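Structure record follows, encoded as structure tokens.
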Ligand SMILES: Cc1cc2nc3c(=O)[nH]c(=O)nc-3n(C[C@H](O)[C@H](O)[C@H](O)COP(=O)(O)OP(=O)(O)OC[C@H]3O[C@@H](n4cnc5c(N)ncnc54)[C@H](O)[C@@H]3O)c2cc1C
């Protein structure tokens with residue numbers, strides 16, 4: 096008897112723990128809702144709602160095959176212990192989970208219990224994230240070979256026993272307040288397949304051109320991120336499906352084929368980034384709480400302006416593109432990469448807010464919250480990694496470039512609905528038409544300059560480069576270094592604007 100413990104891998108296809116278990120005995124298919132996890136500050140109502148919908152979708156798939164998902168509520172060690180005693184369980188199968196600090200500590204407790212109880216816990220590598228990696232050399236090759244392994248297909252029939260499920264707790268009982276919003280993406284593997292299909296057949300044609308504007312990205316990006324976060328798709332499945340589609344494009348004109356191939360290659364690189372960023376958290380758990388670069392610890396710790404934080408959260412900064420993006424994110428749970436980066440850049444440079452409260456608020460909003468990507472990205476965009484180029488996004492420039500007609504802004508900032516496209520990017524210049532919309536929270540140019548000078552001053556500090564080098568050796572992607580000449584310390588210090596390591 097064995098348990099297959101589902102975590103952030105709510106699917107049947109390409110599920111190695113399940114695949115292996117089906118060959119080795121009778122299984123209990125288990126998901127544990129852990130109330131304490133749901134009380135952590137990075138989790139929110141919308142995540143729980145999406146989880147419940149994903150569990151229902153998985154159960155429907157299982158039912159079609161004559162099986163049932165057993166849902167238990169409580170502490171994992173207790174539940175695994177009770178089930179093991181009652182059903183004489185010998186082995187537990189799951190993926191290695193690289194998630195938040197709470198799940199990491201829970202896994203340490205489970206490991207202790209498994210060892211004491213004399214059971215076996217067989218954990219499988221999740222996507223391309225390697226546990227106990229000694230360094231990043233060759234990681235990319237490892238990732239590609241992982242992606243090219245055969246898909247794990249479960250047999251048509253296998254043996255399970257049905258263990259009675261407990262009632263799914265209401266969000267209220269877990270302390271999760273309904274945010275009153277019901278516009279989120281659909282859950283489950285069926286929906287994930289539909290999304291991938293529409294991305295490969297038409298939505299993704301102009302992926303690389305359309306991904307930067309919040310107007311076009313919503314449809315041109317795959318929108319698979321919540322499915323990866325909850326595991327209704329494996330990264331390998333998607334990588335291989337895209338590869339196969341790319342090979343079957345010979346019927347297209349040269350121009351169309353080249354266009355699609357460009358989209359697919361760019362998309363596949365992002366699948367690699369997905370694992371690259373989670374690998375950082377796997378290798379250094381403190382990324383969730385502490386600035387990566389030791390010389391940048393303390394940078395903003397003492398200066399949290401609560402009014403600035405609140406206005407940023409509410410989408411009331413007086414910069415239309417920032418506010419439109421924030422309001423759209425609150426309402427839909429998704430915004431494209433560039434606008435995520437701009438929101439963090441504005442909060443951490445212009446408003447000089449520490450990345451930690453920013454990251455928690457955004458984690459709550461992103462339906463696709465994935466700690467490994469999230470904390471690495473928030474730190475990168477707020478300049479605390481020390482190995483990435485400093486990018487301070489100018490919200491007016493972003494607005495002019497990515498929403499020149501003001502369509503996106505008018506949709507999300509109705510106060511400005513009546514402004515002309517020439518006015519809408521800088522509404523404070525037409526004060527009689529502002530309709531209650533606030534004046535800018537800070538002066539864009541001086542706030543940007545101020546932040547840049549503080550950061551670059553620190554980067555000049557003795558020992559900064561050496562610490563950055565250590566961070567790069569541990570976490571930096573080696574991919575681009577193969578193509579670009581390495582810069583040395585002297586070129587870093589003289590340029591000051593860019594850092595020598597690419598990420
Ligand atoms: C501050 C900040 C926080 C972020 N937090 C998250 C997060 O919590 N969860 C999350 O999944 N993504 C996060 N991202 C990365 C990225 O914005 C999203 O993955 C992407 O917007 C999801 O939309 P999509 O699935 O349509 O992406 P697509 O463009 O279709 O890309 C396909 C997949 O590739 C991966 N991917 C794409 N871009 C990146 C990237 N820059 N880094 C790592 N992986 C990437 C994702 O898994 C994505 O689903 C964050 C980015 C920033 C700047």
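In my numbering, the protein residues as written are 96 to 598.
We put the CB at the ideal spot given by N, CA and C, even for glycine.
These numbers come from a predicted model, not from an experiment.
If you measure between the beta carbons of residue i and residue j, is that distance less than 9 Å?
i, j, result
"residue 434", "residue 309", "yes"
"residue 219", "residue 117", "no"
"residue 272", "residue 140", "yes"
"residue 234", "residue 299", "no"
"residue 427", "residue 241", "no"
"residue 524", "residue 500", "no"
"residue 324", "residue 382", "no"
"residue 113", "residue 247", "yes"
"residue 476", "residue 423", "no"
"residue 519", "residue 504", "yes"
"residue 152", "residue 286", "yes"
"residue 191", "residue 107", "no"
"residue 165", "residue 124", "yes"
"residue 490", "residue 449", "no"
"residue 437", "residue 488", "yes"
"residue 222", "residue 373", "yes"
"residue 262", "residue 168", "yes"
"residue 110", "residue 194", "no"
"residue 498", "residue 419", "yes"
"residue 377", "residue 224", "yes"
"residue 132", "residue 201", "yes"
"residue 369", "residue 468", "yes"
"residue 282", "residue 302", "no"
"residue 391", "residue 452", "no"
"residue 463", "residue 429", "yes"
"residue 280", "residue 318", "yes"
"residue 96", "residue 162", "no"
"residue 571", "residue 482", "yes"
"residue 187", "residue 98", "yes"
"residue 425", "residue 276", "yes"
Can you check DSSP and say which residues form a bridge with residue i?
i, result
"residue 257", "DSSP lists no partner for residue 257."
"residue 97", "122, 186"
"residue 127", "167"
What residue range does the alpha helix (DSSP H) around residue i cover?
i, result
"residue 174", "171-182"
"residue 508", "Segment: none, residue 508 is in no alpha helix (DSSP H) and carries neither H nor E."
"residue 427", "415-427"
"residue 341", "330-342"
"residue 371", "349-378"
"residue 148", "140-159"
"residue 37", "Residue 37 lies beyond the stretch modelled for the chain, which goes from 96 to 598, so this question has no answer here."
"residue 407", "401-409"
"residue 433", "432-440"
Ligand 2 and residue i: does any heavy atom of the ligand fall closer than 8 Å to the residue's C-beta?
i, result
"residue 572", "Questions concerning ligand 2 fall outside what the structure shown contains, since the ligands it does hold are ligand 1."
Can you name the start and end residues of the beta strand (DSSP E) that residue i belongs to?
i, result
"residue 166", "165-168"
Inset, instruction - Could you pull out every unbroken alpha helix (DSSP H) segment of at least 4 residues lying fully inside the stretch 287-326, listed in chain order? - result: 302-305, 309-315, 320-325
Inset, instruction - Within the stretch 190-233, note down every full beta strand (DSSP E) run reaching 3 residues or more, in order along the chain. - result: 215-219
Legend entry - Runs of alpha helix (DSSP H) wholly within the stretch 477-562 (minimum 4 residues, chain order): Taking 4 residues as the shortest admissible run, the stretch 477-562 contains the following complete alpha helix (DSSP H) segments, listed from N- to C-terminal end: 490-497, 502-507, 516-519, 539-554.
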